[in-house]
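**Q** Start counting at 1 in the sequence shown, then tack on 4, and there's your number in the working numbering.
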Amino acid sequence: MLFFYSDSLAISSVLLPLLFVALSVFALLLDRLLGEPAQFHPLVGFGRWASWWEQRLNQGNGKLGIVIGALALAIVLSPLLLVVWLFALLADVSLVGWCLAQVAVLYLCIGWQSLQQHALAVWQALMAGDIDQARLKLSWIVSRDVAELDVDEIAQADIESVLENSSDALFASLFWFFIGGAVFTLLHRWVNTLDAMWGYKNNRFLYFGKAAARLDDVLAYIPARLTALCFILVAGEHGMKAMACWRVQARDCASPNGGVVMTTGAGALNVRLSARACYHGVWKDKPAMGFGSPATPVDIPVSIILVSRACIFALSMCALVALAFALTSTL
5 MLFFYSDSLA ISSVLLPLLF VALSVFALLL DRLLGEPAQF HPLVGFGRWA SWWEQRLNQG
65 NGKLGIVIGA LALAIVLSPL LLVVWLFALL ADVSLVGWCL AQVAVLYLCI GWQSLQQHAL
125 AVWQALMAGD IDQARLKLSW IVSRDVAELD VDEIAQADIE SVLENSSDAL FASLFWFFIG
185 GAVFTLLHRW VNTLDAMWGY KNNRFLYFGK AAARLDDVLA YIPARLTALC FILVAGEHGM
245 KAMACWRVQA RDCASPNGGV VMTTGAGALN VRLSARACYH GVWKDKPAMG FGSPATPVDI
305 PVSIILVSRA CIFALSMCAL VALAFALTST L
């Protein structure tokens, strides 16, 4: 928790954990009520900033590209130093202003409401029998080819996106917020964005994007496993099955973090996710994820409910720990 803020903030370090729980709840409420900004999202601006540097530094330098990519990563993330300074300045001036700024940054980094809306748009198209519209909506949130997916494969890809992105967009943002406030949350979100932009294993980004991809893996390691743990704890009768999926299936997945979240989430839902995917016109087999019957469109809203319950559970546990800390510290 952010005890290093206690010297500059006009609040006791005993109450600081409770403050951050409250700020997290406010940010989630904002995300629920407002969704993503309709006109301009700051992450779009960051993406343009990152693209500008990538176009100038990524010149296909072979393995030297690893070093150049690490340099580009440092340059692109350097505005965080300004953010640190601004928050330190604000902490000395106004506690209320500092809190509002913390909430604003966390709100912009979460993106859970947007993910739900995109996932439900796919579900609504499937339920209406409009498979072409469902494929179009799905293409907005996944990188795989969608043109040949059938109804169940569309639903399974949608559920995979909900599960995997819930860790990146929701749980990881909250985790790093509790560890280091808005600055750490912003660091994670920017690195995650860079991984999405530079983390491809093709000729252009194989070496250049390696530093961003590895840093994203590091920052997502603990949040992914906490997400999976929350899935298990709210899965009810399927909790043991979810744990077995994590233990047995996650090791076979290409992503060290996404695999943990998706296999555990599939087990918690008592469904199996697609065993194949098409990328650039080539079908590839995927490791098994989940048990039970293959997921269908009706499981899409259930996956959203699972993530929401896991988030409520996690925040409730944080609140109880913060309250216990405050009470025991005052005795």
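We put the beta carbon where it would ideally sit given N, CA and C, even for glycine.
Since this is a predicted model, take the numbers as computed values, not measurements.
Compare the Cα-Cα distances from Ala-279 to each of Leu-310, Ser-98, Ser-55, Gln-253 and report the closest residue.
**A** The sequence position of residue 279 within the sequence shown is 275, counting from 1. The residue with the shortest Cα to Cα distance from Ala-279 is Gln-253.
**Q** Just to confirm, is the Cβ distance from Leu-142 to Val-155 under 9 Å?
**A** On the sequence shown, position 138 is the one that residue 142 refers to. On the sequence shown, position 151 is the one that residue 155 refers to. No; because the gap between Cβ atoms is not below 9 Å, this pair is not in contact.
**Q** Are the beta-carbon atoms belonging to Trp-250 and Ala-239 less than 9 Å from one another?
**A** On the sequence shown, position 246 is the one that residue 250 refers to. On the sequence shown, position 235 is the one that residue 239 refers to. No, Cβ-Cβ distance for Trp-250 and Ala-239 is not below 9 Å.
**Q** If you drop the 5 nearest sequence neighbours on each side, which residues of the same chain put their C-beta closer than 7 Å to that of Thr-300?
**A** Residue numbering aside, residue 300 sits at position 296 when the sequence shown is read from its first letter. For Thr-300, where only same-chain residues beyond five positions count, the Cβ hits under 7 Å are Asp-156, Ala-159.
**Q** Determine, using beta-carbon pairs with one atom in the stretch 179 to 192 and one in the stretch 125 to 143, whether at least three such pairs fall under 8 Å.
**A** With a cut-off of 8 Å, the stretch 125 to 143 and the stretch 179 to 192 do not count as touching, because too few Cβ pairs lie within range.
**Q** Within 10 angstroms of its Cβ, does Leu-77 collect 16 or more other Cβ (buried), or is it exposed?
**A** Residue mapping note: residue 77 aligns to position 73 of the sequence shown, counting from 1. The residue in question, Leu-77, is buried, as its Cβ has 16 or more Cβ neighbours within 10 Å.
**Q** Rounded to whole angstroms, what's the CA-CA distance from Leu-19 to Gly-115? Just pull it up for me.
**A** Locating residue 19 in the sequence shown gives position 15, where the first residue counts as 1. Locating residue 115 in the sequence shown gives position 111, where the first residue counts as 1. Straight-line Cα distance between these residues: approximately 27 Å.
**Q** Which of the three DSSP states is assigned to Lys-67 in this structure?
**A** Numbered from 1 along the sequence shown, position 63 holds the residue referred to as residue 67. Coil.
**Q** Below 8 Å on the Cβ atoms is my contact criterion, and I expect Thr-189 with Ser-171 to pass it. Report the Cβ-Cβ distance as a whole number of Å.
**A** Working through the sequence shown from its first residue, we reach residue 189 at position 185. Working through the sequence shown from its first residue, we reach residue 171 at position 167. In fact, because the Cβ distance is near 14 Å, the residues do not count as touching under 8 Å.
**Q** Along the chain, where does the beta strand (DSSP E) containing Lys-288 start, and where does it finish?
**A** Taking the sequence shown and counting its residues from 1, one reaches residue 288 at position 284. Its beta strand (DSSP E) spans residues 286 to 289.
**Q** Is DSSP giving Gly-185 helix, strand or coil here?
**A** By one-based count along the sequence shown, residue 185 stands at place 181. Three-state result, Gly-185: helix.
**Q** Taking 8 Å as the cut-off, does the stretch 190 to 210 touch the stretch 44 to 57 (at least 3 CB pairs, one atom from each stretch)?
**A** Taking 8 Å as the limit for Cβ pairs, the verdict is that the stretch 190 to 210 does touch the stretch 44 to 57.
**Q** The alpha helix (DSSP H) spanning Cys-249 covers which residue range?
**A** Here residue 249 refers to the residue found at position 245 when the sequence shown is read from its first residue. Its alpha helix (DSSP H) spans residues 243 to 253.
**Q** What span of residues does the beta strand (DSSP E) with Ala-283 cover, start to end?
**A** In the sequence shown, counting from the first residue as 1, residue 283 sits at position 279. For the sequence presented, residue 283 should be read as Tyr rather than Ala. Where Tyr-283 is concerned, the enclosing beta strand (DSSP E) stretches over 280 to 283.
**Q** Assuming Cys-257 contacts Pro-291 under a Cβ cut-off of 8 Å, what Cβ separation, rounded to an integer in Å, is found between them?
**A** Here residue 257 is taken as the residue at index 253 of the sequence shown, counted from 1. Here residue 291 is taken as the residue at index 287 of the sequence shown, counted from 1. At roughly 5 Å, the Cβ-Cβ gap stays under 8 Å, so Cys-257 and Pro-291 are in contact.
**Q** Using a Cβ-Cβ cut-off of 7 Å (strictly less than) and excluding sequence neighbours within five positions of Gln-106, which residues of its own chain qualify?
**A** The residue given as residue 106 occupies position 102 in the sequence shown. Hits under 7 Å: Leu-27, Gly-185, Ala-186.
**Q** Please classify Pro-227: is it buried, with 16 or more other beta-carbons within 10 angstroms of its beta-carbon, or exposed?
**A** The residue labelled residue 227 in the question sits at position 223 within the sequence shown. Pro-227 is buried by the Cβ-count criterion.
**Q** My guess is that Ala-270 and Met-293 are in contact by the Cβ rule of under 8 Å, so how many angstroms apart are they, rounded?
**A** Counted from its first residue, the sequence shown places residue 270 at position 266. Counted from its first residue, the sequence shown places residue 293 at position 289. Between Met-293 and Ala-270 the Cβ distance is about 5 Å, and since that is below 8 Å, they are a contact.
**Q** Taking only three categories from DSSP, how would you classify Ser-177?
**A** In the sequence shown, counting from the first residue as 1, residue 177 sits at position 173. Ser-177: helix per DSSP, three-state reduction.
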